[in-house]
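Below: one structure, written as structure tokens.
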Amino acid sequence: AQSVTQLGSHVSVSEGALVLLRCNYSSSVPPYLFWYVQYPNQGLQLLLKYTTGATLVKGINGFEAEFKKSETSFHLTKPSAHMSDAAEYFCAVSSSGNTGKLIFGQGTTLQVKP
Amino acid sequence: DVKVTQSSRYLVKRTGEKVFLECVQDMDHENMFWYRQDPGLGLRLIYFSYDVKMKEKGDIPEGYSVSREKKERFSLILESASTNQTSMYLCASSPGLGTDTQYFGPGTRLTVL
């Protein structure tokens, strides 16, 4: 069975500081990994995804994530936080097969302080 | 532009009522999904559909049913609403492969009194 664990339900950073949101997964097959963001009162939108190939994946709004198979991790980073990055972030893994089912982590709320 | 719409942003119902949540996508996607979102629990899959009239249970199907009569529309039905079904409900669609992005609607916040 697949699972996702996001370390830290709340992360607070100062504007301009590094953002690091942690995600570890469990999967018996090569995983497809996703990060989604949810701004207040909105649905989720894709930040980035890893399927195959290059393990460092760049996404929208300056975010990137690195797939590390040995550590079963897919942490999300951004060099310099903006106030507009305040949102909830979800890591997800795609289940085996081609159904497109996603298993989500519990989410991390990012607070950005001025 | 990709569009997933949900029939209501906010809904208030009484215990025992039958509740319909509607979701429409305009992207000709094969797959559609219903999730519920609760604080600290992330998103949990209720049901999904990979073709018209085809459906599969997700992780928490109890108390829910679904209907997909047309490719673009996926309905979530609460046969007899209960207070523990108060939640945010999110619909999503995807083209059909495990690597595909899911596109989400804005959500329906349902309160059952």
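Protein sequence lines correspond, in order, to chains A and B.
So that you can map any letter, position 95 of the first sequence is 95 in this note's numbering, and since no number is skipped, the others follow by simple counting.
So that you can map any letter, position 52 of the second sequence is 52 in this note's numbering, and since no number is skipped, the others follow by simple counting.
Positions of the beta carbon are idealized from the N, C-alpha and C atoms, including for glycine.
(request) State yes or no: is the beta carbon of residue 76 of chain B nearer than 8 Å to at least one beta carbon in chain A? (result) In terms of beta-carbon proximity, residue 76 of chain B stays away from the interface with chain A, with every pair separated by 8 Å or more.
(request) Return yes when the Cβ of residue 19 of chain B is within less than 8 Å of the Cβ of residue 78 of chain B, no when it is not. (result) Yes, Cβ-Cβ distance for residue 78 of chain B and residue 19 of chain B is below 8 Å.
(message) Out of A:85, A:91 and A:34, which one is the CA nearest neighbour of residue 18 of chain A?
(response) Answer by Cα proximity: A:85.
(request) Report yes or no: do three or more beta-carbon pairs, one from the segment 8-27 of chain B and one from the segment 87-95 of chain A, lie closer than 8 Å? (result) Result no; under three Cβ-Cβ pairs closer than 8 Å.
(request) Determine the extent of the beta strand (DSSP E) in which residue 51 of chain B is found, giving its start and end residues. (result) Residues 42-51.
(request) Would you grab the beta carbon distance between residue 107 of chain B and residue 88 of chain B for me? Rounded to a whole angstrom, and I think it's under 8 Å. (result) Confirmed, Cβ separation roughly 5 Å.
(message) Restricting to Cα atoms, I'd like to know which of B:33, B:22 and B:91 is closest to residue 101 of chain A.
(response) Per the C-alpha coordinates, the member of B:33, B:22 and B:91 positioned closest to residue 101 of chain A is B:33.
(request) Could you check what DSSP says for residue 60 of chain B in three-state terms: helix, strand or coil? (result) Reduced to three states, the DSSP call for residue 60 of chain B is coil.
(request) At 8 Å on the CB atoms, spell out the chain B contacts of residue 33 of chain A, in chain order. (result) Per Cβ cutoff of 8 Å: no residues; residue 33 of chain A is ~10 Å from chain B at best.
(request) With 8 Å as the threshold, decide whether the Cβ of residue 102 of chain B is near any Cβ in chain A. (result) Yes, its Cβ sits closer than 8 Å to a Cβ of chain A.
(message) What would DSSP say about residue 85 of chain B, mapped onto helix, strand or coil?
(response) DSSP places residue 85 of chain B in helix when its eight states are reduced to three.
(request) Could you tell me which chain A residues have their CB closer than 7 Å to the CB of residue 106 of chain B, listed as they occur along the chain? (result) Near residue 106 of chain B (Cβ distances below 7 Å), the residues of chain A are 42 and 43.
(request) Below 8 Å on the Cβ atoms is my guess for residue 102 of chain B versus residue 94 of chain B; work out the distance and round it to an integer in Å. (result) Their Cβ separation, rounded to whole angstroms, is 5 Å, which keeps residue 102 of chain B and residue 94 of chain B in contact under 8 Å.
(message) I need the DSSP call for residue 84 of chain A, collapsed to helix, strand or coil.
(response) The three-state secondary structure of residue 84 of chain A, taken from DSSP, is helix.
(request) Would you mind telling me which residues of chain A sit closer than 9 Å to residue 45 of chain B, beta carbon to beta carbon, in chain order? (result) Correct list: 101, 102, 103 and 104.
(message) Counting only C-beta atoms, is residue 31 of chain B closer than 8 Å to chain A at any point?
(response) Taking Cβ atoms only, chain A reaches closer than 8 Å to residue 31 of chain B, which makes this a yes.
(message) I'd like the ranges of any beta strand (DSSP E) spanning at least 3 consecutive residues and lying wholly in the segment 15-88 of chain A.
(response) Within the segment 15-88 of chain A, the complete beta strand (DSSP E) runs of at least 3 residues are 19-26, 32-38, 44-50, 56-58, 64-68 and 73-78.
(request) Would you kindly work out how many angstroms separate the C-alpha atoms of residue 27 of chain A and residue 33 of chain A, rounded to a whole number? (result) In this structure, the straight-line span from the alpha carbon of residue 27 of chain A to that of residue 33 of chain A is close to 11 Å.
(message) What would DSSP say about residue 25 of chain B, mapped onto helix, strand or coil?
(response) Strand at residue 25 of chain B.
(request) Within 10 angstroms of the Cβ of residue 6 of chain A, are there 16 or more other Cβ atoms? Answer buried if so, exposed if not. (result) Residue 6 of chain A should be labelled buried.
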